[in-house]
Amino acid sequence: MNLPRIIDTKEFQSLDFIASLCSHIPNKSEQMVRYVGFYSNVSRGKLKKQGSCQSDYVIEDDLHNKSCSKSWARLIKKIYEVDPLLCSKCKGQMRIIAFIEDYKVIKKILDYLGIYEFKRHRPPPKKFAVADSFDDYAQNDHIDCDYADF
């Protein structure tokens with residue numbers, strides 16, 4: 162059964178709208194969200210003492226990850242109009258055999274192939290000229306608001 166939606170509208174003056182909008186912004190170091198029920202600190206503490214606390218870890222669904230991993234190449238091809246699995250040299254179709262995420266392994270492979278040289282840490286920034294080296298005009302550059310014409 163479809164019930165009609167009742168939409169409550171309210172008209173504001175400009176300053177009243179800004180005031181009502183700002184009422185939702187918390188003051189500095191003020192907490193707006195209060196947890197009640199299962200998520201409150203009291204109930205989580207009781208569950209922890211009983212030993213029936215649920216795990217904080219989330220196990221991801223492998224089926225979802227597999228469907229995502231199949232579609233990434235299709236999305237890149239659709240957006241950038243370039244097939245990421247097409248070899249730029251021989252125009253042959255490539256396939257992914259592994260995902261390497263370890264920094265040391267990646268560096269070792271790239272060093273062996275001579276493809277990429279890891280940059281060393283950049284040097285510390287150079288010291289800028291001290292304020293004494295500027296002329297008097299630049300040091301005393303300010304606007305006296307009592308005499309300024311706006």
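Per our numbering: the sequence shown = residues 162 to 311.
For glycine and all other residues, C-beta sits at the position ideal for the given N, C-alpha and C.
Item	Value
Would you list the residues sitting across from leucine 247 in a DSSP beta bridge?	Gln254
Look up phenylalanine 184 in the DSSP assignment and say whether it is helix, strand or coil.	Just to set this straight, residue 184 is serine in the shown sequence, not phenylalanine. Serine 184: coil per DSSP, three-state reduction.
Starting from glutamine 211, trace the alpha helix (DSSP H) both ways and give me its first and last residue.	202 to 211
List the whole-angstrom C-beta distance separating isoleucine 261 from isoleucine 267, where the pair is believed to meet the contact cut-off of C-beta under 8 Å.	6 Å
Residues in its own chain within less than 8 Å of leucine 106 by CB, not counting five upstream and five downstream?	It is not possible to answer for residue 106, since the shown part of the chain is limited to 162 through 311.
To which residues of the same chain is lysine 287 closer than 7 Å at the C-beta, ignoring the five residues directly before and after it?	none
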